[in-house]
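Notes for the one structure printed next.
2 protein chains.
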Amino acid sequence: MAKKKEHCDCLNTVKPVRDALDVISGKWKLPIIISVGVGNDRFTDIQESIPGITPKVLAKELKDLEQHKLLKRTILDGYPVKILYTLEPYADTLTPIIYSLKDWGINHRKVVTKE
Amino acid sequence: MAKKKEHCDCLNTVKPVRDALDVISGKWKLPIIISVGVGNDRFTDIQESIPGITPKVLAKELKDLEQHKLLKRTILDGYPVKILYTLEPYADTLTPIIYSLKDWGINHRKVVTKE
DNA sequence: CCGTATCCTGCACGATACTG
DNA sequence: CAGTATCGTGCAGGATACGG
């Protein structure tokens with residue numbers, strides 16, 4: 010009598026994978042990480058470097074990324090006050106994953122387009 | 010005069026990464042892949058192994074995964090006709106990525122929970 | 001057993017305007 | 001410059017019922 014397949018480690022895998030995906034999925038997360046990563050450290054610079062993003066969405070995404078410790082928000086006193094956004098070193102731990110996804114995605118496009 | 014940072018390879022990275030993420034993100038993709046992977050090969054078995062999924066959603070996700078060549082849908086003639094869902098070998102290419110995401114996700118939870 | 005057909009809901013994201 | 005405030009919308013996913 011066949012036992013029902015429980016794929017018992019499903020939750021143990023799905024939960025952390027979803028945690029990871031939540032950090033990088035969404036329409037704007039990756040463009041923002043890349044933009045800040047190449048040196049755009051001011052709100053307006055980031056916004057202008059990402060065509061189509063609105064300030065409301067950018068502000069929300071920056072808060073998300075800051076909570077996830079990928080991004081640091083620094084207030085520079087002076088006149089006028091400046092806000093700096095910079096990547097945390099921790100953000101580098103995402104790099105190998107991003108590149109794996111990139112490579113897989115490039116290959117996948119070939120797989121699905123050629124019959 | 011500071012040149013505007015263009016992060017010129019943004020699209021070259023973002024596009025394939027998004028292609029990859031589209032395949033595995035969403036609420037049900039991963040549970041389905043895992044369920045089929047451990048041997049649930051009938052529609053109803055898959056449905057019962059994933060609490061909360063509705064047949065409409067399952068049918069749609071199975072079609073998606075089939076189009077992405079991760080899944081094969083086999084019609085077994087006989088009486089009654091049976092439908093078998095099995096993972097394509099190609100689906101294995103996702104495994105290292107899934108495990109990278111899992112490991113990163115497990116660690117990330119520690120990072121964000123401890124101050 | 002393997003789905004489709006309707007109808008519905010929430011939320012990510014958008015447009016536009018405004019502020020300390 | 002670095003955001004907030006309002007209002008709006010599309011679409012992934014859900015509830016429920018039915019069909020070959």
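Protein sequence lines, in the order shown, are assigned to chains A and B.
My numbering puts the last residue of the first sequence at 124; the count rises by one with no breaks.
My numbering puts the last residue of the second sequence at 124; the count rises by one with no breaks.
Quick reminder that beta carbons are idealized off the backbone N, C-alpha and C, glycines included.
What does the Cβ neighbour count give for residue i, buried or exposed, with the cut at 16 atoms within 10 Å?
{"i": "B:D28", "result": "buried"}
{"i": "B:Q56", "result": "buried"}
{"i": "A:K69", "result": "exposed"}
{"i": "A:G87", "result": "exposed"}
{"i": "B:R25", "result": "The residue asked about is misnamed: residue 25 of chain B is Pro in this sequence, not Arg. Buried, because 16 or more other Cβ atoms sit within 10 Å of the Cβ of B:P25."}
Roughly how many whole angstroms lie between the Cα atoms of residue i and residue j?
{"i": "A:D73", "j": "A:S109", "result": "23 Å"}
{"i": "A:N21", "j": "A:N49", "result": "37 Å"}
{"i": "A:K65", "j": "B:P60", "result": "36 Å"}
{"i": "A:V90", "j": "A:C19", "result": "49 Å"}
{"i": "A:Q76", "j": "A:V32", "result": "10 Å"}
{"i": "A:L67", "j": "B:K36", "result": "24 Å"}
{"i": "B:K111", "j": "B:I43", "result": "13 Å"}
{"i": "A:R118", "j": "B:T102", "result": "14 Å"}
{"i": "A:A100", "j": "B:L85", "result": "49 Å"}
{"i": "A:L79", "j": "B:T53", "result": "42 Å"}
{"i": "A:P40", "j": "B:G46", "result": "33 Å"}
{"i": "B:K71", "j": "B:S34", "result": "The sequence as given places Leu at residue 71 of chain B; Lys does not occur at that position. Those two C-alpha atoms are separated by around 14 Å."}
{"i": "B:I107", "j": "B:K81", "result": "20 Å"}
{"i": "A:R51", "j": "B:T63", "result": "45 Å"}
{"i": "A:T104", "j": "B:I115", "result": "17 Å"}
{"i": "A:T83", "j": "A:S58", "result": "20 Å"}
Strictly by DSSP, which residues pair up with residue i?
{"i": "A:Y94", "result": "A:R82"}
Taking 7 Å as the cut-off, is the CB of residue i close to at least one heavy atom of the ligand SAM?
{"i": "B:V23", "result": "The ligand SAM is not part of this structure, which contains no ligands at all."}
Query raised in the report: Got a sec: which bits of the stretch 33-57 of chain B sit with their beta carbon under 8 Å from any beta carbon on chain A, in order along the chain?
Result: So the close ones are I33, S34, L39, P40, I43, S44, G46, V47, G48, N49, D54 and E57.
Query raised in the report: For the stretch 71-85 of chain B, which residues have a beta carbon sitting closer than 8 Å to at least one beta carbon of chain A?
Result: Q76, H77 and K78
Report task. Would you be able to state if there are at least three C-beta pairs under 8 Å between the stretch 108-122 of chain A and the stretch 76-96 of chain A? Result -> The stretch 76-96 of chain A vs the stretch 108-122 of chain A: no contact.
Query raised in the report: Given a limit of 8 Å on CB to CB distance, which residues of the stretch 20-33 of chain B reach chain A?
Result: From the stretch 20-33 of chain B, only T22, V23, K24, P25, V26, R27, D28, A29, L30, V32 and I33 have a Cβ closer than 8 Å to chain A.
Requested in this report: With 9 Å as the limit, tell me which residues of the stretch 90-121 of chain A have their beta carbon closer than that to any beta carbon of chain B; keep them in chain order.
Outcome: Y99, T102, L103, P105, I106, I107, Y108, S109, L110, K111, D112, W113, G114, I115, N116, H117, R118, V120 and V121
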